[in-house]
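Okay, so here's the structure we're looking at.
Numbering (the numbering used here), first residue to last: 32 to 129.
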């Protein structure tokens, strides 16, 4: 069980450490109690947050409206909630974190 992943009640809650301005968007392993995500988007005008939510929606095959930033709007430490019924194993596979 990963401390940054919580799958229950038809939702997935992710605790993330986000690094904007990377060469490509990808999961980059664990960073303390968080999953580190490298984002190709710059950290200006909410572009990194929008790119993060769009990337997660695509990875989990859900609509963008089903992905919500719960906290960390202006921080590298973020908590995201995805509305989808999924197992922890499947979530790890979708994030390439087996």
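We put the beta carbon where it would ideally sit given N, CA and C, even for glycine. Note that the coordinates shown come from a computational prediction; the quantities given were computed from them, not determined experimentally.
Query, Result
"Which of helix, strand or coil does DSSP assign to residue 42?", "strand"
"Classify residue 79: buried if its beta carbon has 16 or more other beta carbons within 10 angstroms, exposed otherwise.", "buried"
"Quick one: is residue 101 buried, meaning 16 or more other Cβ sit within 10 Å of its Cβ, or exposed?", "exposed"
"Using the rule of at least 16 other Cβ atoms within 10 Å of the residue's Cβ for burial, across every protein chain shown, is residue 109 buried or exposed?", "buried"
"Could you pull the DSSP bridge partners for residue 69 from this structure?", "50, 57"
"Indicate whether residue 59 and residue 69 have their beta-carbon atoms separated by less than 8 Å.", "yes"
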